[in-house]
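S.K.: Just so you know, the protein sequences line up as chains A and B, in that order.
If you're matching positions, the first sequence starts at 1 in full-length UniProt numbering and goes up one per residue.
If you're matching positions, the second sequence starts at 1 in full-length UniProt numbering and goes up one per residue.
Below is a structure I'd like to ask you about.
2 protein chains.
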Amino acid sequence: MRGVLLYAPGDVRVEDREVPAIVEPTDAILKVAAACVCGSDLWPYRGLEDVDGPAPMGHEYVGTVEEVGGAVHGVAVGDFVVGSFFASDNTCEICRAGYQTHCVRRQPGAATGAQSQYVRVPLADGTLVATPGQPGPELIPSLLAASDVLGTGWFGAVAAEVGPGKTVAVVGDGAVGLLGVLAAKQLGAERIIVFSRHADRQALAREFGATDVVAERGDEGVARIKELTGGLGAHSVIEAVGTQESMLQAIRSTRPGGHVGYVGVSHDVSLPGQELFFSGVHLHGGPAPVRRFLPELIRLIWEREIDPGRVFDLTLPLEQAAEAYRAMDERRAIKVLLTTD
Amino acid sequence: MRGVLLYAPGDVRVEDREVPAIVEPTDAILKVAAACVCGSDLWPYRGLEDVDGPAPMGHEYVGTVEEVGGAVHGVAVGDFVVGSFFASDNTCEICRAGYQTHCVRRQPGAATGAQSQYVRVPLADGTLVATPGQPGPELIPSLLAASDVLGTGWFGAVAAEVGPGKTVAVVGDGAVGLLGVLAAKQLGAERIIVFSRHADRQALAREFGATDVVAERGDEGVARIKELTGGLGAHSVIEAVGTQESMLQAIRSTRPGGHVGYVGVSHDVSLPGQELFFSGVHLHGGPAPVRRFLPELIRLIWEREIDPGRVFDLTLPLEQAAEAYRAMDERRAIKVLLTTD
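Shown next, in the form of structure tokens:
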């Protein structure tokens, strides 16, 4: 089969790889219908995270179950499934509390290598959710988004305690931030302010439910949020970048007693304790427990209530993965979908 | 009147000071019945915080209303009142959300100088709560505790989402940590583990409801918590110290999805973003909005359901304030009550 490998920063190749086989009785093998490039894939691509190349890439996937191990009972051969990016048993105490990304048997890198034609998914019963039937091709992008970016934006909104009557600010206009806007709208936010400087992303944010756009960043951006909220700050802020500047921008945009939901993978962030203490905000986030939200997200997509697949503004065949990475790195695309056949 | 002044680190003096007068129509003047020394007073006493001496000290107080400004209607001359350490209007949007320490009209240093015979309290209607009648002398220590350390320990427990069925760990065995134990018990915690190396504090913690004591600190302390919780960590951790070590100990003692309530005033703390991100914990805290809890705390004390005044293990006349600071600094006392007549 063909699969994407990152050899070194900037060096993406598509090569022949072994088709994965069942290893544990709890495994499933999927024929991948579509995969994509994640914002977090850009960290090693840009050399900001170590690469132990050649490294199989990709952790977002939808596809059809080809084979299951003897202990798999929740999904069957032929099912179309959406998976989460960490494998989890979905039965341990941590999973039952809704934190499947911290499952006591979690396998963080388990679905790594999803930018390929087949993928092995461990703990299939706890990781995969089948769709109600075979989806039409028009639903594939949205279901694929549910696998990570939608689930992550949704978790950011839930962690930020978004709800009716609240003013929400979103730091980051990548796919996760934009889908944080969509989640905030679905969860009943009254006002949704997105930080963005890119016309195409601003437009999509408004389609997803943003009511205001702020182009300023850092302290100037914070000042704008204060102006828009009677000097108090937003009730809920979704942080979808992961840098020092974005975290401080998120914390400072939040009113005392408000909530920051941070889902941008943290890179070189160090939070000043005293400022945090006197801010009075709630802070929660981390790798999103997408599995918690998948049944509801699949339902919303299946019933055409949401269309998160809109974040894919470029579709390329798997063979052109290198161009997919380049387009995202250069911000020519918000998110790239890779077709596998 | 007599009042405590800190001239420089280690240099506490009791001197004649002007009796305060009404400045704003929202002020009240109290005759202080009892005051005390706070753990946070030890930071400047130890030279770990700058002193702009001579500085009036003290922010915890109970007493009788002597005089009110023309705009005060919630308390009357003769009322016995408990106050919170930040003055707040208790009517703004932030106060109504329960964050009176972040009131848009807050006056953080307002009640400073409470270690004296009289004190001026701004925003009296929003800051003071009258007791149901004149308290007997046996209730004074507990009511005084409500003014800060009980309210702060209580907020730590609420911020840590303590509740029935939960395992709670408490970092810090000072008055706030011990009253965090009491709060956790009241809020229904199933198991309460306190970190402590001092026999007297361990004993009081057990009286307040602690079920387990852990003497180890840092990573060893975290390992003990993991052992006691099936490898998962506590559901709720109350942090009542404010150092880098105590914050990391609190975060690492908490299970993914669990809650850290941090109320130790933060000193030289810098939280590593990546560790926090992958911990999956909730973080909330800051200066406690004691005013939110005062009516309930006064009720519990008045009805003899709780006896937080037990944290005062030394009582001295105001004139011996220097010895009070020394006793707390040298850990000869958990908390010192100062009598004012």
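From the three backbone atoms N, C-alpha and C, an ideal C-beta is built for every residue, glycine too.
May I have the straight-line CA-CA distance separating Met-1(A) from Arg-255(B), to the nearest angstrom?
M.R.: 40 Å
S.K.: Do Ser-142(B) and Asp-173(B) have their beta-carbon atoms positioned less than 8 Å apart in this structure?
M.R.: no
S.K.: Could you tell me which residues DSSP puts in a beta bridge with Asp-27(A)?
M.R.: Note: Asp-27(A) sits in no beta bridge, so no partner.
S.K.: Decide if Tyr-325(B) is buried, meaning its Cβ has at least 16 other Cβ atoms within 10 Å, or exposed.
M.R.: buried
S.K.: Run down chain B in chain order and give the residues with a C-beta less than 9 Å from the C-beta of Phe-155(A).
M.R.: By Cβ distance, chain B contributes nothing, its closest Cβ being about 11 Å from Phe-155(A), past 9 Å.
S.K.: Which of helix, strand or coil does DSSP assign to Glu-245(B)?
M.R.: helix
S.K.: Taking 8 Å as the threshold (C-beta atoms), are Leu-6(A) and Gly-53(A) in contact?
M.R.: yes
S.K.: Cβ of Gly-63(B) within 8 Å of Cβ of Val-37(B)?
M.R.: no
S.K.: Check whether the stretch 71-81 of chain A touches the stretch 256-274 of chain A, counting contact only when three or more Cβ pairs, one atom from each stretch, lie closer than 8 Å.
M.R.: Counting Cβ pairs under 8 Å, fewer than three are found: no touch.
S.K.: Which residues, in order along the stretch 90-104 of chain B, keep a beta-carbon less than 8 Å from a beta-carbon of chain A?
M.R.: Residues of the stretch 90-104 of chain B with a C-beta less than 8 Å from any C-beta of chain A: Glu-93, Ile-94, Ala-97, Gly-98, Tyr-99, Thr-101, His-102 and Val-104, listed in chain order.
S.K.: Could you tell me whether any Cβ in chain A is nearer than 8 Å to the Cβ of Gly-163(B)?
M.R.: no
S.K.: Quick one, which residues of the stretch 247-267 of chain B are near chain A if we go by CB-CB under 8 Å, in chain order?
M.R.: Met-247, Arg-255, Pro-256, Gly-257, Tyr-262, Val-265, Ser-266 and His-267
S.K.: For Pro-44(A), I'd like the list of residues in its chain whose CB is within less than 8 Å of its CB, leaving aside the five on either flank, ordered along the chain.
M.R.: Leu-6, Pro-9, Asp-50, Val-51 and Ala-55
S.K.: List the residues of chain A that His-284(B) touches, going by C-beta distances under 8 Å, in chain order.
M.R.: Val-281, His-282 and Leu-283
S.K.: Give the residues from the stretch 215-233 of chain B that approach chain A closer than 9 Å (Cβ to any Cβ), ordered along the chain.
M.R.: Residues Gly-230, Gly-231 and Leu-232.
S.K.: Does the Cβ of Val-311(B) have 16 or more other Cβ atoms within 10 Å, making it buried, or fewer, making it exposed?
M.R.: buried
S.K.: Using a Cβ-Cβ cutoff of 7 Å, what residues of the stretch 32-50 of chain B are near chain A? List them in chain order.
M.R.: none
S.K.: How would you list, in chain order, the residues of chain B whose beta-carbon sits under 9 Å from the beta-carbon of Phe-80(A)?
M.R.: In chain order: nothing, as chain B lies at least about 30 Å away.
S.K.: Quick one, which of Gln-134(B), Ile-192(B) and Asp-148(B) has its alpha-carbon nearest Ala-205(B)'s?
M.R.: Ile-192(B)
S.K.: What is the rounded straight-line gap between the Cα of Leu-297(B) and the Cα of Pro-287(A)?
M.R.: Those two C-alpha atoms are separated by around 38 Å.
S.K.: Judging by CA-CA distance, which residue of Phe-293(B), Ala-183(B), Ala-175(B) and Ser-116(B) is the nearest neighbour of Val-14(B)?
M.R.: Ser-116(B)
S.K.: Is Arg-120(B) helix, strand or coil when you go by DSSP?
M.R.: Here Arg-120(B) sits in strand by DSSP.
S.K.: Please go through the same chain and pick out, in chain order, the residues whose beta-carbon is closer than 8 Å to the beta-carbon of Thr-339(A), but skip the five residues on each side of it.
M.R.: Ala-34, Thr-315, Leu-316, Pro-317 and Leu-318
S.K.: Of all the beta strand (DSSP E) runs that stay within the bounds of the stretch 265-295 of chain A, which reach a length of 3 or more residues?
M.R.: 270-272 and 282-285
S.K.: I'd like to know if Leu-300(A) contacts chain B, where contact means its C-beta is closer than 8 Å to some C-beta of that chain.
M.R.: no
S.K.: Terminal residues of the continuous beta strand (DSSP E) containing Arg-191(A)?
M.R.: 191-195
S.K.: In terms of alpha-carbon separation, which member of His-267(B), Glu-323(B), Ile-29(B) and Ala-321(B) lies closest to Pro-122(B)?
M.R.: If we check each option's Cα against that of Pro-122(B), Ile-29(B) comes out closest.
S.K.: What are the boundary residues of the alpha helix (DSSP H) that includes Phe-208(A)?
M.R.: It spans 199-208 - the alpha helix (DSSP H) in which Phe-208(A) sits, taken as one unbroken run.
S.K.: Is it right to say Glu-239(B) is buried, meaning 16 or more other beta carbons lie within 10 angstroms of its own, or is it exposed?
M.R.: buried
S.K.: If you run the structure through DSSP and keep just helix, strand and coil, what is Lys-226(B)?
M.R.: Per DSSP, reduced to three states, the secondary structure at Lys-226(B) is helical.
S.K.: Less than 8 Å between the beta carbons of residue 352(B) and Lys-226(B), yes or no?
M.R.: Residue 352(B) is absent from the structure shown; chain B starts at 1 and stops at 341.
S.K.: Taking 7 Å as the limit between beta carbons, can you name the residues of its chain near Met-247(A), skipping five residues before and five after?
M.R.: The residues Glu-239, Tyr-262, Val-269 and Leu-271, in chain order, have a CB closer than 7 Å to that of Met-247(A) in the same chain once the five nearest residues on each side in sequence are set aside.
S.K.: Closer than 8 Å by beta-carbon distance: list the chain B residues that pair up with Leu-187(A), in chain order.
M.R.: Within chain B, no residue comes near Leu-187(A); the closest Cβ sits about 18 Å away, beyond 8 Å.
S.K.: Just the C-alpha distance for Leu-179(A) and Arg-201(A), rounded to the nearest angstrom, thanks.
M.R.: 11 Å
S.K.: Which partner residues does Leu-128(B) have in the DSSP bridge list?
M.R.: Gly-83(B)
S.K.: In chain A, what lies closer than 7 Å to Leu-294(B) by C-beta?
M.R.: Within 7 Å Cβ-Cβ: nothing; Leu-294(B) doesn't reach chain A, min ~17 Å.
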